[in-house]
Every structure is written in C-alpha cells, then in structure tokens.
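Engineer: Chains as they are written, first to last, in this note's numbering: chain A, 1 to 317; chain B, 318 to 572; chain C, 573 to 872.
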C-alpha cells in the first residue's frame, strides 16, 4: 500500500523550523539558511515534476521556462506597473497555467522521446524570448529593483523571514501533493504509468490527467519563480536556461523519482552542491552533474530513495 | 427479457489495406453469456477493441443500450457501463491487489484534483466507500486474503481473476472478457468459469472471447463464430458444435 | 561595391541555409542510425558534432597534423567516444525504459559537455578552412569554399550509408535489428554488437559534421544541445527513421532558419527551427516521409 506516513512529515517540518536557529549558532554553516531558501524554491518545482515524472510517467525538460515565466511576470508587473506582489504571483500562476495547457495539450499526446523533445524545444524558445524582448525583460542583462514581499506590514526582509515564508509554501505544497498521491487521483496517475490502455478501460481520462498534472507542476514552478524574483530582487535569463531544466531532472533522478521524498532530498543535495560544495570547483560542476546523473541512472534506478531497499536486500541474503 | 444491450451494425475495421472485421452484424441480449470464437487472427480481439473504444471502427455503428457509442473514447465507454479485461493481462503491476480493484471503482466514484489535495471530508468519505466496495469484490472473486500483495506478484491464474474483479468494480452492465482461461490449469479454469457464471447470475451481461472450447460450450448461451473478420455462424452451443462451416473453418478451409 | 538586389540576397540566404542544413541533416542521420537499431533517441548526438569540431582544432591547429591525418584521427577519437557511450551508459542499464534511456543519454551529453569545457574552456575555436577563405561570387551571392565541403560531405555520407545499408552484410544485419530484434538474434545476428556499431557509426557522422562546419561557424563546448534539438527537428520533419527524410528535413530546417533570421529577426534565429519542430510534433509527428504505421509499432 502506498501510504506516506504522517510522522516523517511532522519531523521534517519541525527540523525545517529549528534549522535557522541551529545554523545561527554554528559559524561554519551560518549562511546555510540562505542556501536553504533556494533549496526550498527549487523544491516547489521538483515536487510537481516528481508527480509528473515519477507518478504519471511523463517527462519534461522545459520546466525552467515555467519557473522563468513566474519570475518575469512578478518582476515586470511589480517594477514597471507597481502592482501588488502577491497579486502578481497569482497572475503569474494563472498565466503559467494557461501556457501549460496550450503547450501541454498537444505535447502530452506525444510519448517518450517526442514529449521530451517538445518540452525541450519549448523551454529554449521561452529562454530566447527572455533574451530578445529587451523592452519587457531587459534582455540578457535582466531586471533589477524588484521589491521584496510584505504581508500586512510585516516585511520579509531578512534571510530568516524569507526562509520561513518559502518553506511554509514548500510544506503546504508537499502536504497537498502527498494528499493527491494518496487519493483516487494519485491512484489514477499510477494506473496511467502502469498501463494506459487498462486505465482507459477503467474510465480514466488519460489525457486530461496528464494535462492536469502538467499544469499543476507548471503552476508550482511559476510560484517558485515569483518567490525567487522577490528574494533576489533581480532576474536574468541565464537562470532559466536549458541547463536549469536538466538540473531539475538531476535533482529528481538523484532523490528517486518514484518517491516524493526523493524530490526533496535530491533538490537539497544538488542545491548545496552547486551553491556551496562545488563553489570553488566551478569548472568541474557540469562534469560532476553528468557523472551523478549517469551513476544514478545506471546503478541506482530508484535514486537515493531506493538505497534503504538495496541495503535491506544485502542483509536478507 | 429480449432487450439488446449491444448491437453491432455493419462494422468494418481495416488496418492499412488489411480488413480485420468485415461487415459484422450481431446483437447481445441483456443477461446472456455470449461467446466469440474463431481461429487465431479471426478478429476477436479487434472486435473487443472496437466495442470498448480502443479504436473507432472504420465503418458501421456500435449501439449500447440503443445509443451509438462507436465515436466515443474508451474512458467514456467505460463510464457508460462496458468494462473489459485484456488478453495479455494488463494489471497495474506496481499497485496492490486492493488498489487495482479500487481503481476499478473510478467510473462510479471520483474526486477532483483539488478536493483530493485538500482532503475535504467529502473525499475522505468517498475513499472509505471505495475501499469497502473493493474489499467486497475481492471477497467475491476469492482474493481477499491477498489484498496487500502487489499485483505483479500473483500467479497468472489469480492475475486473471483480479482483472475480472477490477472490471467488476466499475459496476458494468456488459463485461467483455478476453480469454480469461488462457494459460490456466484445469483447476484455475474451473474457478474462472464458475466466476463468470456467478457474475452473470448478478445480472451482468457477459461477452466472452475464449479458446478453451469446454469452457465456451459449458457456459455460453449463444456463440458467434468469426473467421477472417467475418461472421460464419451464430447460435446456441449445440447448433455451433454441429455446424459444417465452423468445423471447416477450424480444420482448415480448403482441405 | 556591387548593389545587393533582393534576389541575390534571397539566394544568399538559400545557400547559407543549405550549408547549415547539411549539418542538421548529418545530425539527423546520426539520430536515425541509432533510432533504427535501438529505438533510442540519443540526446548526446549534438555533442559528437561539438567534439568533432574541437578535437579537429586540437589535431590540426594545436598538434599541427596535416588536414587528412587530423581528419581521420578526429573521427577515430569521436567514434571511440560513441563506443564508450554504449558500453558505459546504455548497455549497463538494467531496466531500460524510455524515461531512463532519455535520462542516460542526457547524462552522457552533459558529461561530454563538461569535459569539453574543462579541456577547451568556454571560448569558441576557429579552424582553417579546407581550401582557403577566398569567397566565390555567384549571381550576387557570396559563397565560401567551405560551403562546398560541407554539402559535399553530406552527399558522400549519404551515398556511403546507402551502400552500407543496402549492399553490405553488416549493414543489412543492422537493418534487420531495426525491423525485429528478436528475429535478428534468432538468425544469429549479434544485436548487442549492432547497437554498438550504431553508436560508433553515428558518432563518426557527427564528427564529420563538426569537422566540416567549424571553419564556418567556429565551435565551442556548449554547442551540442542546440545542434541536437535542431537535428532532431530535421529528423522528425523528414520522418523519424528515414534517411532520405533526414537529409530533406535537414536542408529544409536550415533554409527556414536562414530565411527566418534574414527576413524576420536575427535574434530569434534559433527559435525558428524549434517552432517548426513543435508545429510538426503537434500536427504531423510522422513527418514528411515517415509512416504512421511504423511509428505505431515502435515500442517507444
């Protein structure tokens, strides 16, 4: 039975809550909450992607685009039109949902390689638009001066405040996603992954479900984009390039795509790897990612989430 | 009751230049067990695929309870009340026995994406009802003790039963069984055919494709014989058994 | 200075388009060779082109090897990379599925890209043109001599491949694997070896494309992904699996890109090919010369 226990979620939430407090007291990791903000933002994307890839069996190599659309809509509407950031966030998610339907509806009819290539092409097209529509996006130089977030006069103006905001979103989205997985909807998704003809024969509208999950994952990515823009107060296209889409793929594959926890673990590890541990070995970064991805694909098909099972297997022998 | 649950009129199915079904006409009366037999490649599975909407027929109409359904997608047809099993077992192998049957309930009880994400009390109640229905069906097909096992781990005989159970969970009026006894030993075959009878006794119309003639002759009310996509005979078992055309088709035409 | 007429300008776009298109055609042919034997789309196909260019620069410019020797050495090295890719990344996968195979080839592609950036850095490299850079003027359009080399090598590749697949036993055996791997292994064809050969062959063709195009457009470490996507677009446009289709698709793709960049917007140069790719995927995934029946029986 696919039950995701409640206790680990509670423990995880607690750990997230006390982390800044702990980090603050240990000089070596004092700046970790800042990295954790990025990890949280990326977790929002990978959670949705994990639902799409691991549970519905559909691949996307274009989610950097949805992340970017959210970020740019927030950036443009707040800086150029002075609109309320929260409203912009919602507008961003709505626009992303529409784009995701327009791209997803024809793409998700395609299978396997075709879908991968379609999403890849879509991602690159959006990236080119970010670079070329200079009047709107500022071109390759990007946009600065994006305001921070405030709620009823409370300013999310420190790393710690923003940390709690982002992880609040992450935990809410996590619980929502877990609920979906454990419901009839999640069952239908796993059924689609196992056998599309059988799922159809049981009344599951396969294409509708695929689009639904695609849109859900895109909307989460858009939310992440808005949070990113308001945290850094700056966006430029380089953040949303093809390599970022691949990085998302690595995060999910590393953690284990058939397990929602895998997305969280993989995202955390890769974020720390790129922002901290590999910081001084920048020229090795791409090689390391390639090696990790290859290693996981060939030797750990279920990612780190599959390791406990493998270890158990050893002891049983 | 003489009402026809299923009516096929002039159904033609071609693949490229190949004619898989040619001008097929037949009816299935409510409450009967009707079997479709014929040599390999006669078009039996194609016929099932047309009826259940896997692909639309090239020509002709398929009526379910008087309504044309040949243009509908497979999931819509399932919603209307036609369920099926597959010749090559198509279970959700990564899901448990119980979950497989629970998914079968999808046609009758479903929750929206948002409702399931927010775990509204409504969706929780639905989930409970689905679970109870599924457990009842598992008892009926005799797999209740294995509800926690992964579908993949079952022996073939039980997989076939589970597939029937999953189809039953959708509360169909017509159930299409594609070779439920293929690959089964004698005991398992016996279990399967008594299950089919029990399903029929519940008032569900059964359309059966089967190679095992003993099963077919024992449980069918009516038999339809296909050869090269054409109907060559139709009638009660004893009539079919003695039909020269059927014997000829099975023993090899020109000989 | 001569007056540039619209006609000569259009001719210029066409010639440039056909040249670039020849490179896409070679990438598309590379996709097809592997796809036909394994049903895998090799996302690292563009990296072979990039490697071809950069290794050639190393051999020819840095090592000072004569053109032909450098050319051969480069092809051998890139072919080795293709062979290693099959042995280390594709064959060891225990539960191959579309998803894992896509991810595995992506992994290889970034591994190659990362290694290239480590070896050559991030700057583009130039390679001397094979027969100088004195342009020929033709009806008002300027033609680099290297253009002929690129188009010529496409023709040579196409002819060599059609002889290989139609006339040689190994080529026929490879085609047999494509049609039915089980039957092929039953009649004694070593399917694993054929897969290895398909990776080797398609790496070699990628290298040829890279070597010939570098004198025109330079080469840097991160060119692979875009070449792969456009080459895939060409393969899809022509009909995945069809060799004449790949060549036709490549030439059309190159021309669309060239005319789009010249007449509409140069900033969106890369987007045109991708938009064409999306349009074909959405409306006619079987392409111009492909058949739907075939794509239906393919597993992936």
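Ideal Cβ placement from N, Cα and C applies to all residues, glycine included. Quick caveat, the model's predicted, so the values are computed rather than measured.
(1) Indicate the three-state DSSP secondary structure (helix, strand or coil) for residue 472 of chain B in the structure shown.
(2) Does the beta carbon of residue 194 of chain A come closer than 8 Å to any beta carbon on chain C?
(3) Strictly under 8 Å for the Cβ-Cβ distance: is residue 627 of chain C near chain A by that measure?
(4) Taking 8 Å as the CB-CB limit, is residue 842 of chain C close to chain A?
(5) How about residue 764 of chain C: is its C-beta nearer than 8 Å to some C-beta of chain A?
(6) With a threshold of 7 Å, establish whether the CB of residue 723 of chain C neighbours any heavy atom of the ligand ADP.
(7) Pick helix, strand or coil for residue 806 of chain C, following the three-state DSSP scheme.
(8) Return the residues of the segment 446 to 475 of chain B that lie within a Cβ-Cβ distance of less than 8 Å from chain A, sorted by chain order.
(9) Can you give me the Cβ contacts of residue 822 of chain C inside the same chain, cut-off strictly under 6 Å, excluding the 5 residues immediately before and after it?
(10) Measuring only the C-alpha atoms, how far is residue 564 of chain B from residue 558 of chain B?
(11) DSSP state of residue 385 of chain B, grouped into three classes?
(12) I'd like to know whether the C-beta of residue 436 of chain B is nearer than 8 Å to at least one C-beta of chain A.
(13) Put residue 344 of chain B into one of helix, strand or coil per three-state DSSP.
(14) Short check: CB of residue 859 of chain C to CB of residue 812 of chain C, under 8 Å?
(15) In the DSSP output, which residue or residues are listed as bridge partners for residue 380 of chain B?
(16) Let's see if you can read the secondary structure: which residues bound the beta strand (DSSP E) around residue 354 of chain B?
(17) Exposed or buried, residue 21 of chain A, counting other C-beta atoms within 10 Å across all chains shown (16 or more means buried)?
(18) Using the DSSP secondary-structure output, state which residues sit across from residue 329 of chain B in a beta bridge.
(19) Grab the span of the alpha helix (DSSP H) containing residue 779 of chain C for me, first residue to last.
(20) Can you give, in chain order, each stretch of the alpha helix (DSSP H) that sits fully within the segment 687 to 763 of chain C and has at least 4 residues?
(21) Can you name the residues of chain A whose CB is closer than 8 Å to the CB of residue 391 of chain B?
(22) Does the distance from the C-beta atom of residue 95 of chain A to that of residue 69 of chain A stay below 8 Å?
(23) Take residue 5 of chain A as the anchor and find which of A:259, A:246, A:274, A:312 has the nearest alpha-carbon.
(24) I need the DSSP call for residue 336 of chain B, collapsed to helix, strand or coil.
(25) On the criterion of 16 or more Cβ atoms from any shown chain inside 10 Å, does residue 487 of chain B qualify as buried, or is it exposed?
(26) Closer than 8 Å, CB to CB, is residue 401 of chain B near chain A or not?
(27) How about residue 384 of chain A and residue 67 of chain A: do their beta carbons lie closer than 8 Å?
(28) Any beta carbon from chain A within less than 8 Å of residue 421 of chain B's own beta carbon?
(29) Measuring only between beta-carbons, confirm whether residue 411 of chain B sits less than 8 Å from chain A.
(30) Using a Cβ-Cβ cut-off of less than 7 Å, list which residues of the segment 297 to 310 of chain A approach chain C; keep chain order.
(31) Would the beta-carbon of residue 402 of chain B fall within 8 Å of that of residue 490 of chain B?
(32) Please state the DSSP three-state secondary structure of residue 552 of chain B.
(33) Is there a Cβ of chain B sitting closer than 8 Å to that of residue 1 of chain A, yes or no?
(34) Any chance you could list the alpha helix (DSSP H) runs of at least 4 consecutive residues sitting entirely within the segment 580 to 641 of chain C, in chain order?
(35) Between the segment 127 to 154 of chain A and chain B, which residues of the former have a C-beta closer than 8 Å to a C-beta of the latter?
(36) Using 8 Å as the threshold, is the C-beta distance between residue 629 of chain C and residue 699 of chain C below it?
Structural biologist: So, from the data block:
(1) Here residue 472 of chain B corresponds to residue number 155 of the second chain, with the count starting at 1. In the structure shown, the three-state DSSP call for residue 472 of chain B is coil.
(2) One-based indexing of the first chain puts residue 194 of chain A at position 194. So no, residue 194 of chain A is outside the interface.
(3) Sequence index remark: in the third chain, residue 627 of chain C carries index 55 (1-based). Not closer than 8 Å to any Cβ of chain A, the Cβ of residue 627 of chain C fails to qualify, so no.
(4) Reading the third chain from its first residue, position 270 is the one you call residue 842 of chain C. Yes, residue 842 of chain C counts as interfacial toward chain A.
(5) The residue given as residue 764 of chain C occupies position 192 in the third chain. For residue 764 of chain C, the closest Cβ of chain A is not nearer than 8 Å.
(6) No copy of the ligand ADP occurs in the structure displayed, which carries no ligand at all.
(7) Stepping through the third chain from its first residue, residue 806 of chain C is reached at position 234. Correct three-state label for residue 806 of chain C: helix.
(8) 447, 465
(9) Working through the third chain from its first residue, we reach residue 822 of chain C at position 250. Here the set comprises 593, 596, 597, 600, 806.
(10) Indexing the second chain from 1 puts residue 564 of chain B at position 247. Indexing the second chain from 1 puts residue 558 of chain B at position 241. Cα-Cα distance, rounded: 8 Å.
(11) Translated into positions along the second chain, residue 385 of chain B becomes position 68. Residue 385 of chain B falls in the strand class under three-state DSSP.
(12) Position 119 of the second chain holds residue 436 of chain B. Cβ-Cβ to chain A under 8 Å: yes for residue 436 of chain B.
(13) Taking the second chain and counting its residues from 1, one reaches residue 344 of chain B at position 27. Residue 344 of chain B: strand per DSSP, three-state reduction.
(14) Along the third chain, one-based indexing puts residue 859 of chain C at 287. Along the third chain, one-based indexing puts residue 812 of chain C at 240. The answer is yes: Cβ separation under 8 Å.
(15) Position 63 of the second chain, counting from 1, holds the residue named residue 380 of chain B. According to DSSP, residue 380 of chain B bridges with B:324, B:385.
(16) Indexing the second chain from 1 puts residue 354 of chain B at position 37. It spans 350 to 354 - the beta strand (DSSP E) in which residue 354 of chain B sits, taken as one unbroken run.
(17) Taking the first residue of the first chain as 1, we reach residue 21 of chain A at position 21. The residue in question, residue 21 of chain A, is exposed, as its Cβ has fewer than 16 Cβ neighbours within 10 Å.
(18) Mapped onto the second chain, residue 329 of chain B falls at position 12. For residue 329 of chain B, which the question treats as bridged, DSSP gives the partners B:376.
(19) Translated into positions along the third chain, residue 779 of chain C becomes position 207. That run of the alpha helix (DSSP H) goes 763 to 789.
(20) Those alpha helix (DSSP H) runs which fall completely within the segment 687 to 763 of chain C and span 4+ residues are 717 to 739, 741 to 751, 753 to 758.
(21) Along the second chain, read from residue 1 onward, the residue named residue 391 of chain B stands at position 74. Ordered by position in chain A, the residues that pass the 8 Å Cβ test against residue 391 of chain B are 197, 200, 201.
(22) Taking the first chain and counting its residues from 1, one reaches residue 95 of chain A at position 95. Taking the first chain and counting its residues from 1, one reaches residue 69 of chain A at position 69. A contact, by the Cβ cut-off of 8 Å.
(23) Here residue 5 of chain A refers to the residue found at position 5 when the first chain is read from its first residue. For residue 5 of chain A, the closest alpha carbon among the candidates A:259, A:246, A:274, A:312 is that of A:259.
(24) Counting from 1 along the second chain, the entry for residue 336 of chain B is found at position 19. Correct three-state label for residue 336 of chain B: strand.
(25) Sequence index remark: in the second chain, residue 487 of chain B carries index 170 (1-based). That one is buried.
(26) Position 84 of the second chain, counted from the first residue, corresponds to residue 401 of chain B. It does; some Cβ of chain A falls within 8 Å.
(27) This structure cannot speak to residue 384 of chain A, because chain A is shown only from 1 to 317.
(28) Translated into positions along the second chain, residue 421 of chain B becomes position 104. Chain A contact via Cβ: present.
(29) Against the second chain, residue 411 of chain B aligns to sequence position 94. Closer than 8 Å: yes.
(30) 297, 298, 301
(31) For this step, residue 402 of chain B is matched to residue 85 along the second chain. For this step, residue 490 of chain B is matched to residue 173 along the second chain. Remark: C-beta atoms of residue 402 of chain B and residue 490 of chain B do not approach each other more closely than 8 Å.
(32) Taking the first residue of the second chain as position 1, residue 552 of chain B is located at position 235. Correct three-state label for residue 552 of chain B: strand.
(33) Looking up residue 1 of chain A in the first chain gives position 1. Caution is warranted here: a pLDDT of 38 is assigned to residue 1 of chain A, below 50, making its placement in the model unreliable, and no coordinate value can be reported.
(34) 617 to 629
(35) Of all residues in the segment 127 to 154 of chain A, none has a Cβ within less than 8 Å of some Cβ in chain B.
(36) Here residue 629 of chain C refers to the residue found at position 57 when the third chain is read from its first residue. Here residue 699 of chain C refers to the residue found at position 127 when the third chain is read from its first residue. Taking 8 Å as the Cβ cut-off, residue 629 of chain C and residue 699 of chain C qualify as a contacting pair.
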